[in-house]
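First the structure, in the form of structure tokens, and then the observations on it.
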Ligand code: VGL
Ligand code: ZN
């Protein structure tokens, strides 16, 4: 288990300025750094993930009947389809990353020729899914994931997580990676948060508290 993986989370048009519906400030600016990481010989396995929602996905404010629901601002109570006694509060978003739409493509500047595998997530309309480790029934967590198996079969012991967004899918993916037993790093100049400032600081403190290590790209690129 001495192999090293780079996990590139959701580098898609909808998460990037200038046209993304859920554009993360500075989201596009991290692509050159991610491409430098992709070119580095230090990574044995390189995976990119895509948020890949059906048009009727539960995370879109537009799909909730309450007319007061606003993207970014509102939260909704969502029932776990596998355990109706269990429900959770989830933040509502603009319509984003709908399957086979231009907003769902990986940004063309990303050097995907160096990516070994692309994993799609968020296909089940009934569940929000931030973690790339999750299968569609993950949130709340009730099942194992395809990414985990792929990384374990590849002999990976250490993962570096980059991409968008630091306080949502990057965080959830890193937290799950740690739970799965991988030594987990975040390359902090290769990720951006939906809520910079306090959102970033809180997410970083939470992750560091769990044992996720924050580093800068120059610290690992030779
Ligand atoms: C994400 C919000 C909604 C992410 C995905 O990739 O961080 N954020 N869907
Ligand atoms: Zn999403």
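In full-length UniProt numbering, the protein residues as written are 1 to 222.
Glycine residues also receive a C-beta, built at the ideal position from the N, C-alpha and C atoms.
Only a predicted model underlies this, so the values are computations on that prediction, with no experimental measurement involved.
In terms of Cβ geometry, residue 60 and residue 6 do not form a close pair [threshold 9 Å]. One residue after another in chain order, those with a Cβ under 7 Å from a heavy atom of the ligand VGL are 9, 10, 15, 22, 51, 59, 93, 96, 97, 122, 130, 164, 165, 168, 169, 170, 194.
Of the candidates 62, 81, 79, 78, 62 places its Cα closest to the Cα of residue 72. When DSSP states are grouped into helix, strand and coil, residue 15 belongs to the helix group. In the three-state DSSP reduction, residue 77 falls in the strand class (E or B). In this structure, residue 162 lies away from residue 156, with their beta-carbon atoms at least 9 Å apart. Residue 57 has its CB nearer than 8 Å to a heavy atom of the ligand ZN.
For residue 94, the three-state secondary structure derived from DSSP is coil.
Within its own chain, the residues whose Cβ lies closer than 6 Å to the Cβ of residue 184, once the five positions on either side in sequence are excluded, are 159, 174, 177, 178, 212, listed in chain order. For residue 51 against residue 96, the beta-carbon gap comes to about 7 Å, under 8 Å, which counts as contact.
For residue 10 and residue 131, the gap between their C-alpha atoms comes out near 11 Å. In this model, residue 88 and residue 54 are separated by some 21 Å (Cα to Cα).
Residue side-chain check: residue 53 places its Cβ nearer than 8 Å to a non-hydrogen atom of the ligand ZN. Beta bridge pairing from DSSP links residue 101 with no other residue. The alpha-carbon of residue 106 is positioned some 11 Å away from that of residue 31. Excluding five sequence positions before and after residue 192, the CB atoms of its chain that fall closer than 7 Å to its own CB belong to 24, 25, 26, 27, 30, 164, 165, 166, given in chain order.
Residues of the same chain with a CB within less than 7 Å of the CB of residue 15, apart from the 5 flanking positions on each side, are 22, 23, 24, 27, 164, 165 in chain order. For a cut-off of 8 Å, the C-beta gap from residue 33 to residue 203 is around 19 Å, too long to register as a contact. Pairing residue 93 with residue 77, the inter-Cα distance amounts to about 14 Å. Excluding five sequence positions before and after residue 208, the CB atoms of its chain that fall closer than 7 Å to its own CB belong to 214, given in chain order. Less than 9 Å divides the Cβ of residue 115 from the Cβ of residue 8.
DSSP, reduced to helix, strand and coil, places residue 124 outside both helices and strands of the structure shown, so it counts as coil.
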